[in-house]
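K.L.:
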Amino acid sequence: MSASNLVAEAIWKEIESTSSITDEQLSILHFLFGKNFERATRIVDQSGVKRISGEPSGRCVFQVVGESRTKEEYFCFAEHYCACYSFFYDIVNRGEQLCCKHQLAARLAVSVGACVEVKVSDEQLALLLSKL
Ligand SMILES: [Zn+2]
1 MSASNLVAEA IWKEIESTSS ITDEQLSILH FLFGKNFERA TRIVDQSGVK RISGEPSGRC
61 VFQVVGESRT KEEYFCFAEH YCACYSFFYD IVNRGEQLCC KHQLAARLAV SVGACVEVKV
121 SDEQLALLLS KL
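Taking the UniProt record's numbering, the leading residue of the sequence shown gets 1, the next gets one more, and so forth.
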């Protein structure tokens, strides 16, 4: 894991433990993620992050709305996967960024308690995931 990834992890943990973000944390996240962080905050402001949890297992996946006019939604796991183009192109192939804006938005929404919670059965969740 890269140094900036470690810094980001430490900040997310701090934010999660207090459920609020200080100006200093904001500026560090902004420094680490740049434009993607601005995009992520816009997504969270529009309540664009859904956390879909399967019951009874509690396993979950995020569904995050994109910023294009089509308002396409992407399934993503905050820490290691997103179904969007940028994730494969910029992150997996080129290794240029730590994560995409959808993953950032999911992480941010969880940290500040701004997710739209959706409960489904484990069967429904498995069906959703099988389409990824
Ligand atoms: Zn994405």
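Glycine residues also receive a C-beta, built at the ideal position from the N, C-alpha and C atoms.
(1) Taking the alpha carbon of Ser2 as the reference point, which residue from Gln124, Gln103, Gln97, Val64 has its own alpha carbon closest?
(2) Rounded to the nearest angstrom, how far is the Cβ of Ala106 from that of Val64, given a contact under 8 Å?
(3) Ignoring anything shorter than 3 residues, give me the beta strand (DSSP E) runs that lie fully in the region 19-62, in order along the chain.
(4) Three Cβ pairs or more, each shorter than 8 Å: is that satisfied between the region 49-58 and the region 116-129?
(5) Give the DSSP bridge partners of Ala77, in chain order.
(6) Using DSSP with H/G/I as helix, E/B as strand and the rest coil, what is Lys101?
(7) Please say whether Ser111 and Ile15 have beta carbons closer to each other than 8 Å?
(8) I need the boundaries of the alpha helix (DSSP H) containing Glu123, first residue and last residue.
(9) Assess contact between the region 33-53 and the region 62-78, defined as three or more Cβ pairs (one per stretch) separated by less than 8 Å. Is contact present?
(10) If you draw a straight line from the alpha carbon of Asn93 to that of Ala83, how long is it in whole angstroms?
(11) Measure the Cβ-Cβ separation of Gly76 and Ser86 and say whether it is below 8 Å.
(12) Cβ-heavy atom distance between Tyr74 and ligand 2 below 7 Å?
P.N.:
With the given structure in hand:
(1) Here residue 2 refers to the residue found at position 2 of the sequence shown. Nearest C-alpha to Ser2: Gln97.
(2) By one-based count along the sequence shown, residue 106 stands at place 106. By one-based count along the sequence shown, residue 64 stands at place 64. Sure, about 6 Å apart at Cβ, within 8 Å.
(3) 49-55
(4) Under the Cβ criterion (8 Å, minimum of three pairs), the region 49-58 counts as touching the region 116-129.
(5) As a first step, residue 77 is located in the sequence shown; it is residue number 77 there, counting from the start. The sequence given here has Phe at residue 77, not Ala. Bridge partners of Phe77: Tyr81.
(6) The count along the sequence shown starts at 1 and reaches residue 101 at position 101. Helix.
(7) Residue 15 sits at position 15 when you count from the first residue of the sequence shown. Residue 111 sits at position 111 when you count from the first residue of the sequence shown. The answer is yes: Cβ separation under 8 Å.
(8) Taking the sequence shown and counting its residues from 1, the one referred to as residue 123 is at position 123. Looking at the DSSP string, the run of the alpha helix (DSSP H) that includes Glu123 is 122-130.
(9) yes
(10) Counting from 1 along the sequence shown, the entry for residue 93 is found at position 93. Counting from 1 along the sequence shown, the entry for residue 83 is found at position 83. Answer to the nearest angstrom: the Cα atoms are 14 Å apart.
(11) Locating residue 76 in the sequence shown gives position 76, where the first residue counts as 1. Locating residue 86 in the sequence shown gives position 86, where the first residue counts as 1. It should be pointed out that residue 76 corresponds to Cys in this sequence rather than to Gly. Result no, Cβ atoms of Cys76 and Ser86 do not sit closer than 8 Å.
(12) As for ligand 2, it is missing from this structure, which binds only ligand 1.
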